[in-house]
Amino acid sequence: FEATLAPGIRGEAIEFCGTEGRLWISRARYEFTPAGRNAVPVEVK
Numbered sequence: 122f123e124a125t126l127a128p129g130i131r132g133e134a135i136e137f138c139g140t141e142g143r144l145w146i147s148r149a150r151y152e153f154t155p156a157g158r159n160a161v162p163v164e165v166k
């Protein structure tokens, strides 16, 4: 197992960063933020 801490990435869940956006998943909710300016995050609890 190897981990890297990076500024701006939260540490209490798992986060996938890709070309289409960012997906942040915790036990309580997930949040998808599309790539691009003025992108509105979609949060599901």
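Read left to right, the sequence shown gives residues 122 to 166 (our numbering).
For each residue, glycine too, the CB sits at the ideal point set by N, CA and C.
Boundaries of the beta strand (DSSP E) harbouring V163: V163 to V165, taken from the DSSP string. When DSSP states are grouped into helix, strand and coil, T154 belongs to the strand group.
The shortest CA-to-CA distance from T140 to any of E133, R148, F153 and V163 is the one to F153.
Per DSSP, the continuous beta strand (DSSP E) segment holding R143 begins and ends at G142 to I146.
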